[in-house]
Amino acid sequence: MAAGGAADGDQRWLVECLTATLDTARDVRAFAEESLRQASLLPGYGAALTKVTINKEIPFGLRQLAAVLLKQFIKQHWQEDEDNFVPPVVSASEKVVIRKLLLTSLDDSHGKIRTAISMAVAAIGQQDWPEDWPELLPLLLKLISDQNNGNGVRGALRCLALLSDDLDDTCIPKLVPELFPSLYRIISSPHLYENSLRAKALAIVHSCISMLGSMSGVYKRDTASLMSSMLDPLIEQFSLILNSPVQSQNPDDWSMQMEVLKCLLQLVQNFPRLPEAKISAILPSLWQTFVLSFKIYHLSSIQGSEELDSINYDSDGSERSLESFEIQLFELWTTIVGNSRLAKVIGGNIKELAYYTIAFQQITEEQVQSWSRDANQYVADEDDVTYSCRVSGSLLLEEVVTAYEDYGINSILEASKMRFHESQESKQAGSPDWWRLHEASLFALGSLSEQLCEAQDSGFAKYNVQHLLEQMLTDIMATGVHQYPFLHARALSIVAKFSSVISKEASEQYLSYAARAIASDVPPPVKVGACRTLAQLLPESDQDLIQPNVMGILSSLVDLLRQASDETLHLVLETLQSAIKSGGDQSTLIEPIISPIILDVWAQHIADPFISIDAIEVLEAIKNAPGCLQPLVSRILPTIGSILGKPKIQPDGLVAGSLDLLTMVLKNAPTVVVKAVFDTCFVSIVQIVLESEDHGEMQNATECLAAFISGGRQELLVWSGEQGRTLKMLLDAASRLLDPALESSVSLFVGSFILQLILQMPSHLSPYIPDLIAAIVRRMQTSSIAGLKSSLIVIIARLGAYQIKVTTTALALLISTRHPELSKIEVQGHLIKTSTGITTRSKAQVAPDQWTKIPLPAKVFSLLADTLAEIQEQIGGGSDDESEEDSDWEEVQNGNTSIADDIIYSASVPSNANLSVEHLNAMAKVFDEDEDDSYDNDLTKNDPLNEVKLADFLTNIFTNLWENDRPLFEYLCQGPSDSHRSAVEKVLRK
23 MAAGGAADGD QRWLVECLTA TLDTARDVRA FAEESLRQAS LLPGYGAALT KVTINKEIPF
83 GLRQLAAVLL KQFIKQHWQE DEDNFVPPVV SASEKVVIRK LLLTSLDDSH GKIRTAISMA
143 VAAIGQQDWP EDWPELLPLL LKLISDQNNG NGVRGALRCL ALLSDDLDDT CIPKLVPELF
203 PSLYRIISSP HLYENSLRAK ALAIVHSCIS MLGSMSGVYK RDTASLMSSM LDPLIEQFSL
263 ILNSPVQSQN PDDWSMQMEV LKCLLQLVQN FPRLPEAKIS AILPSLWQTF VLSFKIYHLS
323 SIQGSEELDS INYDSDGSER SLESFEIQLF ELWTTIVGNS RLAKVIGGNI KELAYYTIAF
383 QQITEEQVQS WSRDANQYVA DEDDVTYSCR VSGSLLLEEV VTAYEDYGIN SILEASKMRF
443 HESQESKQAG SPDWWRLHEA SLFALGSLSE QLCEAQDSGF AKYNVQHLLE QMLTDIMATG
503 VHQYPFLHAR ALSIVAKFSS VISKEASEQY LSYAARAIAS DVPPPVKVGA CRTLAQLLPE
563 SDQDLIQPNV MGILSSLVDL LRQASDETLH LVLETLQSAI KSGGDQSTLI EPIISPIILD
623 VWAQHIADPF ISIDAIEVLE AIKNAPGCLQ PLVSRILPTI GSILGKPKIQ PDGLVAGSLD
683 LLTMVLKNAP TVVVKAVFDT CFVSIVQIVL ESEDHGEMQN ATECLAAFIS GGRQELLVWS
743 GEQGRTLKML LDAASRLLDP ALESSVSLFV GSFILQLILQ MPSHLSPYIP DLIAAIVRRM
803 QTSSIAGLKS SLIVIIARLG AYQIKVTTTA LALLISTRHP ELSKIEVQGH LIKTSTGITT
863 RSKAQVAPDQ WTKIPLPAKV FSLLADTLAE IQEQIGGGSD DESEEDSDWE EVQNGNTSIA
923 DDIIYSASVP SNANLSVEHL NAMAKVFDED EDDSYDNDLT KNDPLNEVKL ADFLTNIFTN
983 LWENDRPLFE YLCQGPSDSH RSAVEKVLRK
């Protein structure tokens, strides 16, 4: 297609083709669509679409269709380096034609066409402006300044709004001085421009403030100057706009106020050092908006007396609802409270702020309807940070506590008390909605449970939290649970959150109520609250009170489990876990009743990691209950064994889930159980490691093998009957997992597996250590996951630290023999310095290093003194203060647990050792602090060397030598340096 003289012909053909795409005949439509597709690859197609779009003589529907195709054309063919690019690219000459035609039509009389043209201009502007389209902004500024061309103002504002998000720090300083006067004229002229245009101008101001805020760090002086010129007139207009009361839930009624709130939020967030007086000037208007808008929100949303319109969205996809407006208000207040300078300004009104916040947190009628229909939605909204006034209000109250501490807590408590009393007054007056304010007061306190419990314990709260809560809770028990289900649910939830604050009597009363509720015909939200209470209180409560009821509670929870789904299932499983742990003497009755049901839940939800993990945690509670381990293992093993024996035919996730389940069974299990699992599953698990390509299966199988080794220890090696077979399988598994060609995530847990091999089977593994280290290094070189690299480094560190300890203790024992033959052996002593300056390679070849010769006992004594000095330095932090060092050293001699346990990782590293070795030892220590404690205990149990506390050991060696052979000691003490002799003398003075 040509873009020149044949343009009219192109338009006619294009109009006919567009018309045909709307034909009722399928073959006609298909032919037309294919013709358009082919035409889109020819020069001039974009220009022809543009001419059809802007041609006012062509029917509106066809113009709109052309505009849609033009937008798609620009997206696909305008820029070669874009993700959606489809060849060919538009030629430079055709781009000039399209840009010129579009700019002349931004004032089209049809709103939809004007919007389409604006979007096309913005799409091109994002690619070409300013370098290839410098005239764009001048023309847009000219259009918005033309009061006589309303359509032009609308089109230009639409373009600027779309472009403003892409403005950068190179153009903003130049643009704002030119753009702001035009925008301000629109904002401040309600008699000339409708509210929608003024709101659009405010949206552009918001984008400019946002960009200036992001620049403020680098261009602080420039942005301060720009903001100063804008701030005073803007604040004045902001106040005027906010003074217009919100009169309905219709977004058109408060769209300008919404944009003002967004602008103010950017000002406070990005310019926290603005003069307080500037922001303070608008606070009265902001407060008025907060208070007056609540009246509309209460009427339309909380009471639901106005029919809720369907939620609509603005052009950016943001929700336009009254609740979104209130949430914006809350976000602004939260930011103001979080600004230390502004927090001082509003400090005297914090109680009032909390008072209205609690009112906004009342359950809306829409929530009542939604939660009554769907308990899962209730649980989801309670647990997740949802988009609502309730959550936004809680965030504001948390910020109040953070900013004002005790004063903030007392203000919130007083506001809650006031709202609670108002709810009681409404109740006495016969209002059917009295419960909402009562529930909101409890909800507000519940969102601050951690802070309030701490305040109560410390005695900082002016008001008695316990007394207020129990006063608010007592009245609820006398009300009808079916009439006020959400109030009862909130009370149960509050008891769970404040179990450490409320009295034992109140806790026991609500615990009994919760036990009855889960077994009764009460609304689902009440059962949700009952589960929360049981999950929290059962582990803390008097067992004599629980025992008579525990089987009934478990029976009721099992019934709930059969009815539960999605979100509620997680809660019921959590409650079951607490109930099982509280089973006491009745634990033996638990397993046959609950295990089959939980296993069924686990199997049904194997693809859901959250539910399946919850189910495994319940099974673990059953496993740990007295008398339940053996029957549970007997129930699980046959099925799991058959699954793992034929992994390739199982549904997705079942093999990985089964391995997770087995790992739980093996954890801290007695040897007889580990042996039973070994006989059934061990070979299959090794085969999975060797053959599987599934990442989840490989990871879980690796963890399972580590659990096998931890539980079976060296006995594991003889269970297969054939000598060396088990060790070979374990080494084969390690070899596959350390394969450098394997994807890193597959090997994620190989570190813990190899660590267990080292800890539990050191003597059997020692011949393979060199090959193992080499494989570890190769795996580290190809690993893309930092966690995998760290875990492998730890293995090398542990091996290094262990070897150092072996060497040190061996040398110490050697010198303690005082055998006369040792003195006849001469070894290298000190380096003899023969030249000055740097020793180059050529110098070293001509004059190699020379060393003194000293007796072996002297060398060993020096090395041990060096090690002792290093230990003292690590414990004392290198302090020169004698008393401080003595104190630290005394802790070591007295067997200080934390230091003694650390010796295996970090002691005995010579002071002249390579720093990387010291770092590896430190890493090993840090890593092991996050590991299961049983691993360190196993390490101590299985190797007598690990019982040795190196600091004490060396102290005893030196002390015995001093006491039993003083002449030899004094002779050997001549060799070490002064600092090393000082270290030895220090321990002798103890």
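Counting from 1, position 232 in the sequence shown corresponds to residue 254 in this note's numbering; the numbering is continuous, with no gaps.
A virtual CB, placed ideally from N, CA and C, is assigned to each residue, including glycine.
- Message: Would Leu-205 and Ile-231 be called neighbours here (beta carbons separated by less than 8 Å)?
- Response: Locating residue 205 in the sequence shown gives position 183, where the first residue counts as 1. Locating residue 231 in the sequence shown gives position 209, where the first residue counts as 1. Not closer than 8 Å, so no.
- Query: Is the Cβ-Cβ distance between Ile-139 and Asp-130 less than 8 Å?
  - Reply: Taking the sequence shown and counting its residues from 1, one reaches residue 139 at position 117. Taking the sequence shown and counting its residues from 1, one reaches residue 130 at position 108. Judged by beta-carbon spacing, Asp-130 lies within the 8 Å limit of Ile-139, meaning their Cβ atoms are closer than that value.
- Task: Return yes when the Cβ of Pro-669 is within less than 8 Å of the Cβ of Glu-715, no when it is not.
- Result: Translated into the one-based positions of the sequence shown, residue 715 becomes position 693. Translated into the one-based positions of the sequence shown, residue 669 becomes position 647. Using a Cβ distance threshold of 8 Å, Glu-715 and Pro-669 do not count as a contacting pair.
- Does DSSP classify Ala-31 as helix, strand or coil? Working through the sequence shown from its first residue, we reach residue 31 at position 9. Per the sequence shown, the amino acid found at residue 31 is Gly instead of Ala. In this structure, Gly-31 counts as helix in the three-state DSSP scheme.
- Which residue's Cα is closest to the Cα of Val-422: Gln-488, Glu-374, Ala-223? Along the sequence shown, read from residue 1 onward, the residue named residue 422 stands at position 400. For Val-422, the closest of Gln-488, Glu-374, Ala-223 by C-alpha to C-alpha distance is Glu-374.
- Please report how far the alpha carbon of Val-711 lies from the alpha carbon of Val-677, in whole angstroms. Walking along the sequence shown from the start, residue 711 turns up at place 689. Walking along the sequence shown from the start, residue 677 turns up at place 655. Approximately 12 Å, taken between the alpha carbons.
- Query: Hey, out of Pro-306, Pro-546, Asn-217, His-213, whose CA is closest to Ile-257's CA?
  - Reply: Start at 1 with the first residue of the sequence shown, and residue 257 comes out as number 235. Taking only the C-alpha atoms, the option nearest Ile-257 is Pro-306.
- Proximity of Leu-833 and Val-882 at Cβ, strictly below 8 Å: The residue given as residue 833 occupies position 811 in the sequence shown. The residue given as residue 882 occupies position 860 in the sequence shown. Leu-833 is a Cβ neighbour of Val-882, given a cutoff of 8 Å.
- Per DSSP, Val-849 forms a beta bridge with which residues? Locating residue 849 in the sequence shown gives position 827, where the first residue counts as 1. By DSSP's assignment, Val-849 forms a beta bridge with Ile-876.
- Task: Label Met-499 either buried or exposed according to how many other C-beta atoms from any shown protein chain fall within 10 Å of its C-beta, with 16 as the threshold for buried.
- Result: Counted from its first residue, the sequence shown places residue 499 at position 477. If you draw a 10 Å sphere on the C-beta of Met-499, you find fewer than 16 other C-beta atoms in it, and that means exposed.
- Taking buried to mean at least 16 other C-beta atoms within 10 Å of its own C-beta, is Val-594 buried or exposed? Against the sequence shown, residue 594 aligns to sequence position 572. Of the residues assessed, Val-594 falls on the buried side of the cut-off, its CB having 16 or more other CB atoms within 10 angstroms.
- Query: So what does DSSP say about Ile-1072, is it helix, strand or coil?
  - Reply: Outside the modelled stretch of the chain, which goes from 23 to 1012, sits residue 1072, for which no answer is possible.
- Message: Which residue wins for smallest C-alpha separation from Phe-518, given the options Tyr-506, Gln-531, Pro-507?
- Response: For this step, residue 518 is matched to residue 496 along the sequence shown. The amino acid at residue 518 is misidentified as Phe; the sequence shows Ala. If we check each option's Cα against that of Ala-518, Gln-531 comes out closest.
- Hey, how far is the Cα of Ala-671 from the Cα of Ala-425? For the purposes of this step, residue 671 is identified with residue 649 of the sequence shown, where counting begins at 1. For the purposes of this step, residue 425 is identified with residue 403 of the sequence shown, where counting begins at 1. The displayed chain sequence assigns Ile, not Ala, to residue 671. About 59 Å.
- Message: Could you tell me which whole alpha helix (DSSP H) segments of length 4 or greater appear in the region 677-741?
- Response: You should have 693-713, 717-734.
- Item | Reduced DSSP secondary structure (H/G/I, E/B, other) of Val-931 | As a working note, residue 931 is residue 909 in the sequence shown. Note on Val-931: pLDDT 34, under 50, position unreliable in the model; no value is reported.
- Message: Check whether the region 450-463 and the region 393-405 are in contact - that is, three or more C-beta pairs closer than 8 Å.
- Response: Between the region 450-463 and the region 393-405, the count of C-beta pairs closer than 8 Å stays below three; the two stretches do not touch.
- Where do the N-terminal and C-terminal ends of the alpha helix (DSSP H) with Tyr-400 fall, by residue? Taking the first residue of the sequence shown as position 1, residue 400 is located at position 378. Where Tyr-400 is concerned, the enclosing alpha helix (DSSP H) stretches over 397-405.
- Thinking just about the alpha-carbon of each residue, which of His-592, Leu-651, Lys-645, Arg-657 is nearest to the one in Asp-630? Along the sequence shown, one-based indexing puts residue 630 at 608. Looking at the Cα atoms, His-592 is the closest of the given residues.
- Message: Assuming contact is defined by CB atoms lying nearer than 8 Å, are Ser-469 and Leu-419 in contact in what I supplied?
- Response: Along the sequence shown, one-based indexing puts residue 469 at 447. Along the sequence shown, one-based indexing puts residue 419 at 397. Yes, they are a contact pair.
- Query: In chain order, which continuous runs of the alpha helix (DSSP H) of length 4 or greater are located wholly inside the region 276-361?
  - Reply: Whole alpha helix (DSSP H) segments, 4+ residues: 298-302, 305-319, 344-360.
- Backbone secondary structure at Ile-644 - three-state DSSP: Taking the first residue of the sequence shown as position 1, residue 644 is located at position 622. Assignment of Ile-644 by DSSP, reduced to helix, strand and coil, places it in the helix class.
- Rounded straight-line distance, which links the Cα of Ser-115 to that of Gln-33: As a first step, residue 33 must be located in the sequence shown, where it is residue number 11. As a first step, residue 115 must be located in the sequence shown, where it is residue number 93. The straight-line gap from Cα to Cα measures roughly 18 Å.
- Task: Out of Val-799, Leu-583, Pro-614, state which residue places its alpha-carbon closest to the alpha-carbon of Leu-651.
- Result: Against the sequence shown, residue 651 aligns to sequence position 629. Selected option, being the one with the closest Cα: Pro-614.
- When the Cα atoms are used, what is the spatial distance from Gly-997 to Ala-880? One-based indexing of the sequence shown puts residue 997 at position 975. One-based indexing of the sequence shown puts residue 880 at position 858. Going by the C-alpha atoms only, they are around 6 Å apart.
- Task: Compare the Cα-Cα distances from Lys-12 to each of Tyr-535, Leu-509, Ile-431, Leu-464 and report the closest residue.
- Result: Beyond the ends of the chain as shown, which are 23 and 1012, falls residue 12; an answer cannot be given.
- Query: By Cβ distance below 8 Å, which residues in the same chain neighbour Glu-55 in space, the five residues on each side in sequence not counted?
  - Reply: Position 33 of the sequence shown, counted from the first residue, corresponds to residue 55. Residues of the same chain with a CB within less than 8 Å of the CB of Glu-55, apart from the 5 flanking positions on each side, are Thr-43 in chain order.
- Contact set for Ile-313: own chain, Cβ-Cβ below 8 Å, skip 5 residues either direction: Start at 1 with the first residue of the sequence shown, and residue 313 comes out as number 291. Reading off the sequence shown, one finds Val at residue 313, where the question assumed Ile. Excluding its 5 nearest sequence neighbours in each direction, Val-313 has C-beta neighbours in its own chain below 8 Å: Tyr-378, listed in chain order.
- Item | According to DSSP, residues forming a beta bridge with Ile-854 | Counted from its first residue, the sequence shown places residue 854 at position 832. Residue pairing of Ile-854 in beta bridges, as defined by DSSP: Gln-872.
- Query: Do you know offhand how far Ile-612's Cα is from Ile-644's?
  - Reply: To locate residue 612, count along the sequence shown from 1; it is residue 590. To locate residue 644, count along the sequence shown from 1; it is residue 622. Approximately 7 Å between the Cα atoms of the pair.
- What are the boundary residues of the alpha helix (DSSP H) that includes Pro-989? Locating residue 989 in the sequence shown gives position 967, counting from the first residue. Looking at the DSSP string, the run of the alpha helix (DSSP H) that includes Pro-989 is 988-994.
- Task: Report the rounded CA-to-CA distance for Glu-639 versus His-489, giving the unit in angstroms.
- Result: Locating residue 639 in the sequence shown gives position 617, where the first residue counts as 1. Locating residue 489 in the sequence shown gives position 467, where the first residue counts as 1. Cα-Cα distance, rounded: 37 Å.
- Query: Does the beta-carbon distance from Asn-722 to Leu-681 come in below 8 Å?
  - Reply: Numbered from 1 along the sequence shown, position 700 holds the residue referred to as residue 722. Numbered from 1 along the sequence shown, position 659 holds the residue referred to as residue 681. The answer is yes: Cβ separation under 8 Å.
- Task: Return the Cβ separation of Leu-40 and Leu-92 in integer angstroms, given the expectation that the two are a contact with Cβ distance under 8 Å.
- Result: Working through the sequence shown from its first residue, we reach residue 40 at position 18. Working through the sequence shown from its first residue, we reach residue 92 at position 70. Taking C-beta atoms under 8 Å as the contact rule, Leu-40 and Leu-92 fail to qualify, at a distance of about 12 Å.
- Task: For Glu-892, count neighbouring Cβ atoms within 10 angstroms of its own Cβ and tell me buried if that reaches 16, exposed if not.
- Result: Working through the sequence shown from its first residue, we reach residue 892 at position 870. Glu-892 is buried by the Cβ-count criterion.
- Task: Taking all protein chains shown into account, decide if Trp-151 is buried (16 or more other Cβ within 10 angstroms of its Cβ) or exposed.
- Result: Here residue 151 refers to the residue found at position 129 when the sequence shown is read from its first residue. Buried is the call here.
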